[in-house]
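Below is one structure; the comments refer to it alone.
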Amino acid sequence: MEKRQKKKSIGREILEWVLLILAAFLITSIIQSELYAITEVNMTSMMDTLVQGDKLIMSKLAYVTGEPQRGDIIIFLKNEPIGGAIGRIGIYISDVAMKLRGDFRRNRLIKRVIGIPGDKVEIRNNVLYINDEPITEDYARIEPELGMVLNGSMDPVVVKKGQLFVMGDNRGQSMDSRNFGVIETEWVEGKAIFRILPFHKFGKIE
Numbered sequence: 002m003e004k005r006q007k008k009k010s011i012g013r014e015i016l017e018w019v020l021l022i023l024a025a026f027l028i029t030s031i032i033q034s035e036l037y038a039i040t041e042v043n044m045t046s047m048m049d050t051l052v053q054g055d056k057l058i059m060s061k062l063a064y065v066t067g068e069p070q071r072g073d074i075i076i077f078l079k080n081e082p083i084g085g086a087i088g089r090i091g092i093y094i095s096d097v098a099m100k101l102r103g104d105f106r107r108n109r110l111i112k113r114v115i116g117i118p119g120d121k122v123e124i125r126n127n128v129l130y131i132n133d134e135p136i137t138e139d140y141a142r143i144e145p146e147l148g149m150v151l152n153g154s155m156d157p158v159v160v161k162k163g164q165l166f167v168m169g170d171n172r173g174q175s176m177d178s179r180n181f182g183v184i185e186t187e188w189v190e191g192k193a194i195f196r197i198l199p200f201h202k203f204g205k206i207e
């Protein structure tokens, strides 16, 4: 009788642990997919603002009641609409599976918003113009050998409703809206708001 009760007690304890682990995974999934997520910089296109290996906190609440603004650093999935709450959960589960394989989502990009709906974006002789006004870009990387920002040149682009014009801060090494055109706001996952690693750069992202 005692042995049977002991087995039941052990079985119940195992079940409780399984349920606890499942609950923890569910809570983590909801937080990561709907509220905040930790993401890693895998490319060099945002130097010197962000470098490879930086770990960031992304707010998925940033644009629930508002729209991306010029200067925001956003994370988006190129050519992949987020698809609401269900879509975000699916993306999170897919991300976990990729991480277990030592891989990452290749179409997840981090860029800075340069143009918002209604803006005319143009680049003349490495100078960025928004609505015919030259823009001073303190965040853009200056190439050491040339002493200038490598914006290049680009014919005027008018950003339409539901679109954004984005560029990396490391203009000479960034594939962005100068190459693949404007992005859709429905691709945007969230806004990079905080850097947690490395520790010496810990703090709010500007």
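Residue numbers (our numbering): 2 to 207.
Ideal placement from N, C-alpha and C gives every residue a C-beta, glycine not left out.
Just so you know, these numbers come straight off a predicted model, no measurement behind them.
| Item | Value |
| --- | --- |
| DSSP on G85, reduced to helix/strand/coil? | helix |
| Going by DSSP in three states, T164 sits in which element: helix, strand or coil? | The sequence given here has Gln at residue 164, not Thr. Looking at Q164 - three-state DSSP - the assignment turns out to be strand. |
| Quick one, which of E134, T66, M59, N126 has its alpha-carbon nearest D120's? | E134 |
| Out of V167, N127, I194, K205, point me to the one whose CA is closest to L110's CA. | V167 |
| When DSSP labels each residue in this structure, what does S10 get in the three-state scheme? | helix |
| Just the Cα atoms here: how many angstroms apart are G153 and S175? | 12 angstroms |
| In angstroms with no decimal places, state the Cα-to-Cα distance between R179 and V19. | 50 angstroms |
| Straight-line CA distance for M48 to N171? | 5 angstroms |
| If I follow the unbroken alpha helix (DSSP H) through S60, where does it start and stop? | That residue, S60, is in no alpha helix (DSSP H); its beta strand (DSSP E) goes 56-60. |
| Residue range of the beta strand (DSSP E) that F105 falls in? | Element bounds for F105: n/a, residue is neither H nor E. |
| Could you tell me whether the stretch 36-56 touches the stretch 192-201, using the rule of 3 or more Cβ pairs below 8 angstroms? | yes |
| Per DSSP, which residues does R172 bridge with? Please list them. | Beta-bridge pairing links R172 to no other residue. |
| Along the chain, where does the beta strand (DSSP E) containing F200 start, and where does it finish? | Per DSSP, F200 belongs to no beta strand (DSSP E) and is neither H nor E. |
| Taking the DSSP output, what are the residues bridged to A1? | Given that the chain is displayed from residue 2 to residue 207, the structure contains no residue 1 and the question cannot be resolved. |
| Which residues in the same chain as G163 place their Cβ atom closer than 8 angstroms to its Cβ, once the five residues preceding and following it in sequence are excluded? | P118, E185, T186, E187 |
| Measuring CB to CB, does E190 end up less than 8 angstroms from L78? | yes |
| Pull up the CB-CB distance for E144 and G103, whole angstroms please, since I reckon it's below 8 angstroms. | About 33 angstroms separates the two Cβ atoms, so there is no contact after all. |
| What number of angstroms, rounded off, separates the C-alpha of I92 from the C-alpha of I83? | 8 angstroms |
| Thinking C-alpha only, which one of L36, I15, S10 is nearest K192? | L36 |
| By alpha-carbon positions, which one of V160, L151, K112 ends up nearest to I131? | V160 |
| Tell me whether L151 sits in a helix, a strand or coil according to DSSP, three-state version. | coil |
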